[in-house]
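In UniProt numbering, the protein residues as written are 1 to 363. Every residue gets a Cβ at the ideal spot worked out from N, C-alpha and C, and that includes glycine. This one's a predicted model, so the numbers in the text were calculated from it and none came from an experiment. One structure is given below, encoded as structure tokens.
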Amino acid sequence: METTEANERPKILGGCMKTRNVQALVADHNVLPADILERYIRPEMAVDDVLLENNSEEIPVIDMSRLMDEVSMDEEASKLKFACEDWGFFQLVNHGVPEKVIEELKEDLMRFYDLPLEKREEVAQLPGDLEGYGQAFIASEEQKLDWADMLYLFTQPPHFRNYKHWPSQPPSFRDSLENYSNATQEVAHCIMGFMATILGIKRETISEIHGSQTVRINYYPPCANGHDKMIGLSPHSDGCGLTLLLQVNPVPGLQIKRNGKWLPIVPLPGALIVNIGDALEILTNGRYKSIEHRAVINAKEERISIAAAHSPSFEKTVGPLADIVGKGTPLFKSVTMPEYVKLFVSQKKIYEKKMVQLLKLNP
Ligand code: OGA
Ligand code: NI
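Next comes the structure, spelled out in structure tokens:
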């Protein structure tokens, strides 16, 4: 990462090698040629045999309107505590992001993906940079690939936005994304306020640290041959503090690791899926857990998701919060946010609890 001036958006280096656009691959081939397919087939991922069988467990559902209401607040807060400590994932309903804001972004995204490849690639990643339309963490010609195209953008704070990577088609895209970004940041900060209260620290402590937001829009095309041996997004935990995931169309694909097995998540209509990232596990000195998850693909239908990741601002430090550690022992090293990002991208791959593992003390 390089920063020239304090106020300038840092450039996140460690971008990846250019790879094929998978949406275009599917458009160009009825049946994928074996040599292309080979790059995406990963027998170790065999999607069916690791699913949680006869699963009766349900991911917690948190109702934000009940958190805001004095009468139901305590009961809902204890559900939130359990969700953060035991699951690291929950569905959030009545979150307050206006339906219009969600619908406008969904519509604009569908229109973006309907554009021809040359038009979509007007916002392509530039060599070495992670921002833009492309992929992440591709370091070699041999490496197995995820079956997805990614559009990755800095959205908050506003002066970090690099509009050359924001699609200009359809023309309303930028406004739609900005509205969605503002609304989701507000929800994330509100949830962080409740989390802090539950942890017994000042309400603003966690949200004040998390001043930045990036948005990762995932496009998973269908794949008729081999979809059960391919993966849309490799198993990982998020490096940020808190992610809010919106499913753009109702095709399931997200799976989370629960008791050693993969549990498919089916979003409730209108819900946001919220998950704890590595930075929040570190800040809470391990009280809240970041959870491994992945995305699988569908034989017939495309799937689109939007992950809004809320991370510590660049002038902050990531390490166990003194108010949480108290007289206990910090379990993680503290690093500045620029060091944290550098470490994150220098690994050149995503994997389970990456930052938690890298910063763990006395491993
Ligand atoms: C992510 C992510 C899951 C999905 O973007 O970090 O985990 O369902 N996405 O697309
Ligand atoms: Ni993720």
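Is the Cβ-Cβ distance between residue i and residue j less than 8 Å?
i: A279; j: R216; result: no
i: D146; j: S237; result: no
i: L268; j: V26; result: no
i: V101; j: D63; result: no
i: V296; j: G226; result: no
i: V22; j: P170; result: no
i: Y219; j: I304; result: yes
i: Y133; j: L109; result: no
i: M192; j: I201; result: no
i: S176; j: L105; result: yes
i: E85; j: R258; result: no
i: Q91; j: I273; result: yes
i: I59; j: F82; result: no
i: V123; j: H165; result: yes
i: P264; j: P252; result: yes
Of the residues the options, which one's Cα is nearest the Cα of residue i?
i: Q125; options: A309, K360 and A136; result: A136
i: K66; options: L80, E58 and G286; result: One point to set straight first is that residue 66 is Arg, not Lys, in the sequence displayed. Checking every option, the nearest Cα to that of R66 belongs to L80.
i: C240; options: S290, L233 and Q247; result: S290
i: Q213; options: E131, M73, P267 and I198; result: E131
i: I44; options: D228, T284, P267 and E292; result: According to the sequence provided, residue 44 is Glu. The question's Ile does not apply to it. Ranking D228, T284, P267 and E292 by Cα distance to E44 puts D228 first.
i: I350; options: V266, K144 and P320; result: K144
i: M73; options: F194, I36 and V31; result: F194
i: H310; options: K119, P320 and F154; result: F154
i: A299; options: K261, M230 and G328; result: M230
i: M68; options: K327, Y288, T197 and V318; result: T197
i: M355; options: L283, I324, P116 and E302; result: L283
i: M337; options: L321, G328, P312 and D323; result: P312
i: L246; options: A271, E339 and L115; result: A271
i: V325; options: N285, W262 and S172; result: N285
i: E208; options: A188, L32 and E339; result: A188
i: Y113; options: Y163, E99 and S168; result: S168
i: R120; options: H29, F173 and R39; result: F173
i: T19; options: E99, W87 and G128; result: G128
i: E99; options: V248, Y340 and R42; result: V248
i: W87; options: E178, E103, L32 and G260; result: G260
Return the chain-ordered list of same chain residues with a C-beta closer than 7 Å to the C-beta of residue i, the five sequence neighbours on each side being excluded.
i: T184; result: V97, L244 and A308
i: L361; result: P330, L331, F332 and K333
i: P157; result: G211 and S212
i: L117; result: N21 and A24
i: A148; result: V22, N218, Y219, Y220, G232 and L233
i: Q347; result: K354
i: L199; result: T284, R287 and I324
Tell me whether residue i sits in a helix, a strand or coil according to DSSP, three-state version.
i: Q143; result: coil
i: Q135; result: coil
i: D129; result: coil
i: I59; result: coil
i: V26; result: helix
i: H360; result: One detail in the question is off: residue 360 reads as Lys in this sequence, not His. Strand.
i: Y351; result: coil
i: L105; result: helix
i: L37; result: helix
i: A124; result: strand
i: L117; result: helix
i: L151; result: strand
i: V335; result: strand
i: V93; result: strand
i: V318; result: strand
Less than 6 Å between C-beta atoms, sequence neighbours within five positions excluded: which residues of the same chain meet that for residue i?
i: H293; result: I256
i: Q357; result: none
i: R111; result: P170
i: L321; result: L283
i: Y40; result: L145, W147 and M230
Just to confirm my understanding: we take residue i, look at its own chain, exclude 5 residues before and 5 after, and list those with CB closer than 8 Å. What are they?
i: V335; result: T317, V318, G319, L343 and L359
i: A77; result: L67, F194, T197 and I198
i: Q266; result: Checking the sequence shown, residue 266 turns out to be Val, not Gln. Around V266: P252.
Counting only runs of 3+ residues fully inside the stretch 172-228, write out the beta strand (DSSP E) ranges in chain order. As far as the stretch 172-228 is concerned, its whole beta strand (DSSP E) runs of at least 3 residues are 212-220.
Report the start-end ranges of each alpha helix (DSSP H) in the UniProt domain "Fe2OG dioxygenase" (211-312) that is 4 residues or longer and not cut off at the edges. With a minimum length of 4 residues, the continuous alpha helix (DSSP H) runs that stay inside the UniProt domain "Fe2OG dioxygenase" (211-312) are 278-283.
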